[in-house]
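What follows is a short report on a single structure.
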Amino acid sequence: MAIISTALGSRLQVILQTGVDGQGNPVLKTRSYNRVKASASDENVYQFSVTIAGLQLHPLYEVNRVNEVSLEQI
Numbered sequence: 042m043a044i045i046s047t048a049l050g051s052r053l054q055v056i057l058q059t060g061v062d063g064q065g066n067p068v069l070k071t072r073s074y075n076r077v078k079a080s081a082s083d084e085n086v087y088q089f090s091v092t093i094a095g096l097q098l099h100p101l102y103e104v105n106r107v108n109e110v111s112l113e114q115i
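For the sequence shown, the working numbering begins at 42 and goes up steadily by one.
Structure below.
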């Protein structure tokens, strides 16, 4: 059974550290950006994340890219 995958798009998650709780664990807030082109390189997406995070009040903690793919059996 052969499967073809087709990239549909991506979602970007920029995670910011908004503080620290009473036990010293980071308090995080996630900002999501939809409709990221599937053809965009990881380097470009990361650089965009760093730029967006630079406009925020809180520091960047983590960047996630969630790819959406359609699977089809041929």
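Backbone N, C-alpha and C define an ideal beta-carbon position, used for all residues, glycine too.
Going by DSSP, Gln88 is part of the alpha helix (DSSP H) stretching over 83-95. With a cutoff of 7 Å on beta-carbon distance, Arg106 and Val86 are scored as near each other. When C-alpha distances from Asn108 are compared across Leu96, Leu53, Ile45, the shortest belongs to Leu53.
For Ala79 and Ala48, the gap between their C-alpha atoms comes out near 6 Å. Around the beta carbon of Leu98, a 10 Å sphere encloses fewer than 16 other beta carbons of the protein chains shown; the residue is thus reported as exposed.
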